[in-house]
Amino acid sequence: MIEPLPPKSHKFADLCFISIWSFTTIASFLLSLLVIEVGEKSDLEVVDAAIGGLAIAIPQSYILRRTIPPLNWIISTVLGWVLITIMGIGTIGWFVLSSHNLYNRVLISIIDSGIGGLIIGLSQSCLAIPPSIPQKWSWVFVNAINCILGFTIGSIIGILTRKSSFLSEVFGLSIGWLIVGVLTSISANRFLKIDEAKY
Numbered sequence: 001m002i003e004p005l006p007p008k009s010h011k012f013a014d015l016c017f018i019s020i021w022s023f024t025t026i027a028s029f030l031l032s033l034l035v036i037e038v039g040e041k042s043d044l045e046v047v048d049a050a051i052g053g054l055a056i057a058i059p060q061s062y063i064l065r066r067t068i069p070p071l072n073w074i075i076s077t078v079l080g081w082v083l084i085t086i087m088g089i090g091t092i093g094w095f096v097l098s099s100h101n102l103y104n105r106v107l108i109s110i111i112d113s114g115i116g117g118l119i120i121g122l123s124q125s126c127l128a129i130p131p132s133i134p135q136k137w138s139w140v141f142v143n144a145i146n147c148i149l150g151f152t153i154g155s156i157i158g159i160l161t162r163k164s165s166f167l168s169e170v171f172g173l174s175i176g177w178l179i180v181g182v183l184t185s186i187s188a189n190r191f192l193k194i195d196e197a198k199y
């Protein structure tokens with residue numbers, strides 16, 4: 001039986017989890033760019049969504065392996081990204097909005113990211129997160145909020161710096177993924193009951 005850790009140890013464990021999850025998220029996105037070419041929504045296909053979802057899901061599934069079956073997490077995450085691409089929402093996190101109007105871009109980003117995050121979170125809650133986790137359905141809405149905040153901020157950064165080069169859009173997406181990584185790590189630590197004994 002594992003004895004409870006003192007408060008300082010818990011805080012350190014939480015910080016480690018957040019750091020590992022955030023780093024692997026941004027690293028996975030950057031590695032995915034070796035295969036996926038960032039473009040506008042219509043440029044990305046279902047296969048891009050599957051590859052992107054796989055790149056993000058594999059390291060996450062390893063981190064969550066003691067709480068959630070890895071294969072379940074991978075399948076549910078990839079399925080979520082494939083579904084939103086088929087539905088026309090787009091492969092969020094890899095496409096750049098064509099609008100150069102800041103207000104339009106913010107509005108579209110909020111809608112796309114919100115719906116996308118909701119569907120991905122729903123897929124993960126239905127297919128991966130076990131019923132033993134009491135707040136599993138909270139993950140659906142928390143994931144949507146995380147995606148809205150992260151990808152909208154990233155989109156804003158992209159359009160504000162786009163005058164220099166298109167790479168600024170990629171930089172904006174990277175910042176968006178970093179924010180999403182930090183927020184989802186905090187959410188996973190709280191809602192999925194991750195602790196130092198599980199990773």
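In the UniProt record's numbering, the protein residues as written are 1 to 199. All residues carry an ideal CB built from backbone N, CA and C; glycine is no exception. Since the structure is predicted, the reported quantities are computational estimates derived from the model, not experimental observations.
For residue i, the three-state DSSP class (helix, strand or coil)
i, result
"G93", "coil"
"S185", "helix"
"E3", "Model confidence at E3 stands at a pLDDT of 45, short of 50, so the residue's coordinates are unreliable; what they give is reported in the following sentence. Residue state, collapsed to three classes: coil."
"S42", "helix"
"V35", "coil"
"L178", "helix"
"R190", "helix"
"L54", "helix"
"T67", "coil"
"S22", "helix"
"S61", "helix"
"S28", "helix"
Closest residue to residue i among the options (Cα-Cα distance)
i, options, result
"N72", "S32, A27 and I129", "I129"
"T67", "P134, S98 and I108", "P134"
"D48", "L64, Y62, V78 and I58", "V78"
"G154", "W94, I120 and Q124", "W94"
"L183", "G117, L160 and E45", "G117"
"I63", "W21, E45 and G172", "W21"
"L30", "S187, R190, F171 and N189", "F171"
"N101", "I157, G80, S76 and P70", "I157"
"E40", "S132, S99, I186 and L127", "S99"
Residue interval of the alpha helix (DSSP H) (run including residue i)
i, result
"T85", "P70 to I86"
Short CB-CB distance (under 9 Å) between residue i and chain C
i, result
"I111", "Looking for chain C here will not work: only one protein chain is present."
Taking only runs that begin and end inside the stretch 101-175, name each unbroken alpha helix (DSSP H) of 4 or more residues, in chain order.
Within the stretch 101-175, the complete alpha helix (DSSP H) segments at least 4 residues long are 102-127 and 138-160, listed from N- to C-terminus.
Contact between the stretch 21-32 and the stretch 75-90 is defined here as three or more beta-carbon pairs at a separation below 8 Å; is this criterion met?
Contact between the stretch 21-32 and the stretch 75-90 is not established, with fewer than three Cβ pairs separated by less than 8 Å.
Does the stretch 150-158 come into contact with the stretch 174-186, if we say contact requires no fewer than three beta-carbon pairs (one atom in each stretch) closer than 8 Å?
Touching, yes.
Three or more C-beta pairs under 8 Å: does that hold for the stretch 48-59 against the stretch 105-118?
Contact between the stretch 48-59 and the stretch 105-118 is absent, with fewer than three C-beta pairs closer than 8 Å.
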